[in-house]
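Student: Chains Z and Y, in that order, give the protein sequences. First residue of the first sequence? That's 1 in UniProt numbering, and the numbers climb one at a time after it. First residue of the second sequence? That's 1 in UniProt numbering, and the numbers climb one at a time after it. Where a beta carbon is used, it is the ideal one built from N, C-alpha and C, also for glycine. Before I ask anything, let me first share the structure, which is written out below as structure tokens.
Number of protein chains: 2
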Amino acid sequence: MKLASLNEGRDGRLVVVSHDLTHYTDAGLIAPTMQAALDNWAQCRPALETLSQALERGAVPTSRFHERQAHCPLPRAFQWADGSAYVNHVQLVRQARGAAMPESFWTDPLMYQGGSDDFVPPRAPIRLADEAWGCDLEAEVGVITTDVPQGISPQAACEHIALVLLVNDVSLRNLIPDELAKGFGFFQAKPASSFSPVAVTPKSLGTLWDGGRLHVTLCVDLDEKPLGRAETGVDMTFDFGTLIAHAARTRNLCAGTIIGSGTVSNRDQSGGPGRPIIDGGLGYSCLAEVRVVETILHGAPTTPFLRHGQTVRIFANDHKGHSIFGAIEQNIVPLNS
Amino acid sequence: MKLASLNEGRDGRLVVVSHDLTHYTDAGLIAPTMQAALDNWAQCRPALETLSQALERGAVPTSRFHERQAHCPLPRAFQWADGSAYVNHVQLVRQARGAAMPESFWTDPLMYQGGSDDFVPPRAPIRLADEAWGCDLEAEVGVITTDVPQGISPQAACEHIALVLLVNDVSLRNLIPDELAKGFGFFQAKPASSFSPVAVTPKSLGTLWDGGRLHVTLCVDLDEKPLGRAETGVDMTFDFGTLIAHAARTRNLCAGTIIGSGTVSNRDQSGGPGRPIIDGGLGYSCLAEVRVVETILHGAPTTPFLRHGQTVRIFANDHKGHSIFGAIEQNIVPLNS
Chain Z
1 MKLASLNEGR DGRLVVVSHD LTHYTDAGLI APTMQAALDN WAQCRPALET LSQALERGAV
61 PTSRFHERQA HCPLPRAFQW ADGSAYVNHV QLVRQARGAA MPESFWTDPL MYQGGSDDFV
121 PPRAPIRLAD EAWGCDLEAE VGVITTDVPQ GISPQAACEH IALVLLVNDV SLRNLIPDEL
181 AKGFGFFQAK PASSFSPVAV TPKSLGTLWD GGRLHVTLCV DLDEKPLGRA ETGVDMTFDF
241 GTLIAHAART RNLCAGTIIG SGTVSNRDQS GGPGRPIIDG GLGYSCLAEV RVVETILHGA
301 PTTPFLRHGQ TVRIFANDHK GHSIFGAIEQ NIVPLNS
Chain Y
1 MKLASLNEGR DGRLVVVSHD LTHYTDAGLI APTMQAALDN WAQCRPALET LSQALERGAV
61 PTSRFHERQA HCPLPRAFQW ADGSAYVNHV QLVRQARGAA MPESFWTDPL MYQGGSDDFV
121 PPRAPIRLAD EAWGCDLEAE VGVITTDVPQ GISPQAACEH IALVLLVNDV SLRNLIPDEL
181 AKGFGFFQAK PASSFSPVAV TPKSLGTLWD GGRLHVTLCV DLDEKPLGRA ETGVDMTFDF
241 GTLIAHAART RNLCAGTIIG SGTVSNRDQS GGPGRPIIDG GLGYSCLAEV RVVETILHGA
301 PTTPFLRHGQ TVRIFANDHK GHSIFGAIEQ NIVPLNS
């Protein structure tokens with residue numbers, strides 16, 4: 001089953017989308033919004049599944065689905081918490097600035113509490129007030145949970161994954177050093193994130209979902225050129241069950257909590273830093289990593305952060321080459337354009 | 001005007017409460033929930049004000065208001081961001097561990113992104129799984145905003161303050177050092193917070209609100225003994241306009257965003273660390289500060305963090321001794337009790 005929120009009202013209008021993303025049918029009789037469906041998931045999920053089957057059979061009225069009409073599956077959420085499950089990414093970033101990574105980072109997930117009150121629609125521009133802030137994309141996998149009780153085990157946490165989606169966790173890299181030095185984590189350095197137009201149940205992902213990890217090639221294009229083709233199922237040190245359990249160690253998580261994987265990043269087969277796609281590598285899911293590898297290899301970065309006029313595209317295809325989640329596709333524009 | 005959310009459903013039921021907190025009237029015809037009212041504040045506020053006036057006149061049906069029936073004004077919120085506006089608190093905590101405080105902390109607000117998906121009702125217990133986590137209260141002032149656009153000025157931000165309330169920002173002190181050392185800020189060290197039963201418009205606070213700061217004695221009792229009587233209008237280095245503008249520097253804030261002041265803390269008149277109430281001082285709004293002062297004066301803390309069976313009470317009275325926001329009153333209990 002695939003769900004989306006059409007960009008109407010603050011919380012969107014819930015629709016069921018066809019597997020091939022060409023059509024949708026209204027789900028308002030089951031739940032008006034995605035949050036309302038998640039709030040009552042035990043009742044709503046079976047009803048939505050039935051509607052999804054009817055949609056595939058052509059047994060209900062449908063309309064053409066346009067990804068540009070979709071907001072994020074949750075246009076605003078009560079919680080967005082982002083892990084750093086691809087520890088290779090963390091290690092590379094630290095290596096570039098000559099900082100050793102604590103061994104505990106391989107066993108204790110790193111996670112930050114993100115802003116969740118005002119996500120940017122997947123086809124809306126990223127409004128960047130100042131290019132000097134060093135705007136970066138971060139392509140990730142995310143999951144939306146049902147209600148999770150405090151103290152849950154990683155294994156049990158996997159059962160609370162309602163939906164899977166893609167993420168663009170926008171970062172302002174040049175604001176990060178000063179902000180993290182203050183000691184309380186990210187705030188201004190993490191502006192509004194975006195999510196794929198469509199969220200998909202683990203069940204309907206079939207073999208692309210193994211219970212705790214998504215197994216796709218995460219495609220990241222910058223200005224219509226391939227930047228990243230990382231494998232999401234590889235090098236993910238912590239699965240989503242572990243990330244959810246980490247988040248729920250000292251408190252409950254409300255239905256509709258979104259947990260991110262952190263920037264997807266694969267080690268290079270040679271053992272060195274990852275190579276660009278043009279050199280036969282899997283590329284990068286953020287520009288910081290491009291710059292890190294440039295720094296390691298050449299002593300200094302040459303690729304700039306995002307500038308006004310550039311376009312970021314994040315998507316993933318199934319074995320047949322069909323888009324699974326739709327695409328996050330965003331132009332970088334000035335604040336008041 | 002005073003508003004509350006009765007503890008019904010995930011988002012509560014919006015009611016208007018009488019100025020003396022003895023009665024309420026249903027506001028469901030205007031907005032079913034506090035979030036719904038804030039989402040449409042320009043229309044809802046005047047209607048709620050009219051209802052409030054009718055309530056005071058006895059011109060509408062009323063029911064007895066019991067604080068224990070109220071959830072937090074927003075039982076869950078799309079954003080909770082907590083500043084450290086009382087820089088004296090930050091300086092004391094750092095002094096105790098021999099760390100100098102950067103001068104910039106007096107001009108650049110410190111703020112962390114908190115979890116907002118599952119607040120604890122003001123009269124519900126704090127479920128503490130492990131006393132060794134070092135559970136602490138933090139008594140604060142908070143404001144709930146309307147929609148705030150990115151890049152707003154501190155002065156203009158003051159106009160976006162819809163409601164004022166009290167906060168208990170629960171902290172797990174013994175989890176903080178390891179978590180902050182990881183570099184991404186608080187997560188597990190900040191379990192669910194609580195808010196006062198009643199939220200109050202700035203206008204109805206009269207002279208107790210100066211546009212950016214609340215001017216009351218913040219009363220904190222531990223096991224029915226006075227712990228803190230700090231003045232919220234004194235030593236607040238950053239007013240709420242400045243805190244909101246800080247939060248909105250790189251992104252919009254959605255209506256219903258809650259911004260906290262950080263632990264209220266006054267300098268001692270003598271210039272030394274604050275004294276306990278029993279010694280003629282204004283006391284403390286958290287136990288960490290008690291322990292810091294003990295460490296400064298005697299070399300080691302003697303007051304333990306919160307233990308199962310203890311009771312915390314946070315409230316503020318007006319000039320006539322009447323409770324303004326109702327009281328946060330919470331027992332500390334084991335997780336599964």
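1) DSSP three-state call for Z/Q95: helix, strand or coil?
2) Does the CB of Z/D169 have a neighbour CB from chain Y at under 9 Å?
3) Can you list, in chain order, the residues of its chain whose CB lies under 6 Å from that of residue 364 of chain Y, leaving out five sequence neighbours each side?
4) Note down, in chain order, every chain Y residue with its Cβ under 7 Å from the Cβ of Z/F305.
5) In the DSSP assignment, find the unbroken alpha helix (DSSP H) run with Y/A42 in it and report its ends.
6) Tell me whether Z/Q43 is buried or exposed, calling it buried when 16 or more other Cβ atoms sit within 10 Å of its Cβ.
7) At a Cβ threshold of 9 Å, is Y/M34 touching chain Z?
8) Is Y/K203 helix, strand or coil by DSSP?
9) In whole angstroms, what separates the C-alpha of Y/P301 from that of Y/R313?
10) Chain Y beta carbons: is any one of them nearer than 9 Å to that of Z/G114?
11) Quick one: measure Cβ to Cβ for Y/A139 and Y/T263, integer angstroms, because I've assumed they're closer than 8 Å.
12) Which runs of the beta strand (DSSP E) spanning at least 3 residues fall entirely within the segment 223 to 249 of chain Z, listed in chain order?
13) Below 8 Å on C-beta distance, what does Z/R57 contact in chain Y?
14) Using only CA atoms, which one of Z/P75, Z/H246, Z/R213, Z/N174 lies nearest to Z/L306?
15) Return the residue from the list Y/P32, Y/G58, Y/G211 that minimises the CA-CA distance to Y/L74.
16) Which word fits Y/N336, buried or exposed, when buried means at least 16 other C-beta atoms lie within 10 angstroms of its C-beta?
17) Residues of chain Y with CB under 7 Å from Z/H254, in chain order?
18) Listing by chain order, which chain Y residues have their CB less than 9 Å from the CB of Z/D318?
19) Counting beta carbon pairs with one atom in the segment 53 to 66 of chain Y and one in the segment 91 to 108 of chain Y, are three or more of them shorter than 8 Å?
20) Along the chain, where does the alpha helix (DSSP H) containing Y/Q155 start, and where does it finish?
21) Any idea which residues DSSP pairs Y/I259 with across the strands?
22) Classify Z/D136 as helix, strand or coil using the three-state DSSP reduction.
23) Given that Z/Q269 touches chain Y, what residues does it touch there, using C-beta distances under 9 Å?
24) According to DSSP, is Z/Q113 part of a helix, a strand, or is it coil?
25) Would Z/L92 pass as an interface residue toward chain Y - the criterion being a Cβ-Cβ separation below 9 Å?
26) Does Y/P125 have its Cβ less than 9 Å from a Cβ in chain Z?
27) Nearer than 8 Å: is that true of the beta carbon of Z/C135 relative to any heavy atom of the ligand GDP?
28) Between the Cα of Z/G281 and the Cα atoms of Z/N266, Z/V292, Z/L287, which residue gives the shortest distance?
29) Is there a Cβ of chain Z sitting closer than 9 Å to that of Y/G134, yes or no?
30) Between which two residues does the beta strand (DSSP E) harbouring Z/T295 extend?
31) Just to confirm, are Y/D82 and Z/Q79 a CB contact at a threshold of 9 Å?
32) Is Z/N252 closer than 9 Å to Y/A192 when the C-beta atoms are compared?
33) How many angstroms separate the CA atom of Z/V333 from the CA atom of Y/K320?
34) Please list, in chain order, the residues of the segment 184 to 209 of chain Y that have any C-beta partner in chain Z closer than 7 Å.
35) Taking 9 Å as the threshold (beta carbon to beta carbon), is Y/S84 in contact with chain Z?
36) Considering Cα atoms alone, identify which of Z/L128, Z/L21, Z/L48 is closest to Z/Q69.
Tutor: Short version:
1) In the structure shown, Z/Q95 sits in a helix (DSSP, three-state: H, G or I).
2) So, not an interface residue.
3) Chain Y is shown from 1 up to 337; residue 364 of chain Y falls before or after that span and cannot be answered.
4) Result: empty, since nearest Cβ-Cβ is about 14 Å, beyond 7 Å.
5) First-last of the alpha helix (DSSP H) with Y/A42: 41 to 57.
6) Under this definition Z/Q43 is an exposed residue.
7) No Cβ of chain Z is located within less than 9 Å of the beta carbon of Y/M34.
8) Under the three-state reduction of DSSP, Y/K203 is assigned to helix.
9) Straight across, the Cα-Cα distance linking Y/P301 with Y/R313 is about 22 Å.
10) By this cut-off, Z/G114 is an interface position.
11) Contact holds; Cβ gap of about 7 Å.
12) Within the segment 223 to 249 of chain Z, the beta strand (DSSP E) runs of at least 3 residues that lie entirely inside it are, in chain order, 225 to 231.
13) Going along chain Y, no residue has its Cβ under 8 Å from Z/R57, so there is no contact; the nearest lies around 34 Å.
14) Across the set Z/P75, Z/H246, Z/R213, Z/N174, the C-alpha of Z/N174 shows the shortest separation from the C-alpha of Z/L306.
15) For the residues Y/P32, Y/G58, Y/G211, the minimum Cα distance to Y/L74 belongs to Y/P32.
16) The residue in question, Y/N336, is exposed, as its Cβ has fewer than 16 Cβ neighbours within 10 Å.
17) Looking at the sequence shown, residue 254 of chain Z is not His but Cys. Ordered by position in chain Y, the residues that pass the 7 Å Cβ test against Z/C254 are R76, D117, D118.
18) Correct list: empty, because the minimum Cβ distance to chain Y is about 32 Å.
19) With the cut-off at 8 Å, the segment 91 to 108 of chain Y and the segment 53 to 66 of chain Y do not touch.
20) Residues 154 to 157.
21) According to DSSP, which records beta bridges pairwise, Y/I259 is partnered with Y/A81, Y/V143.
22) Taken through DSSP and simplified to helix, strand or coil, Z/D136 comes out as strand.
23) Using a Cβ-Cβ cut-off of 9 Å, Z/Q269 is close to nothing in chain Y; its nearest Cβ partner there is about 29 Å away.
24) Three-state DSSP puts Z/Q113 in a strand.
25) Chain Y, which has no Cβ nearer than 9 Å to the Cβ of Z/L92, makes this no.
26) By this cut-off, Y/P125 is not an interface position.
27) As presented, the structure is devoid of all ligands, the ligand GDP included, so that no description of it is given.
28) When each option's Cα is compared against that of Z/G281, the closest is Z/N266.
29) Y/G134 is outside the set of residues whose beta carbon lies under 9 Å from a beta carbon in chain Z.
30) That residue, Z/T295, is in no beta strand (DSSP E); its alpha helix (DSSP H) goes 287 to 298.
31) When the beta-carbon positions are compared, Y/D82 and Z/Q79 stay at least 9 Å from each other.
32) For Y/A192 and Z/N252, yes; Cβs fall inside 9 Å.
33) Distance between the alpha carbons of Z/V333 and Y/K320: 54 Å.
34) Here the close residues are F184, G185, F186, F187, Q188, P191, A192.
35) Judged by the 9 Å Cβ criterion, Y/S84 is in contact with chain Z.
36) Ranking Z/L128, Z/L21, Z/L48 by Cα distance to Z/Q69 puts Z/L21 first.
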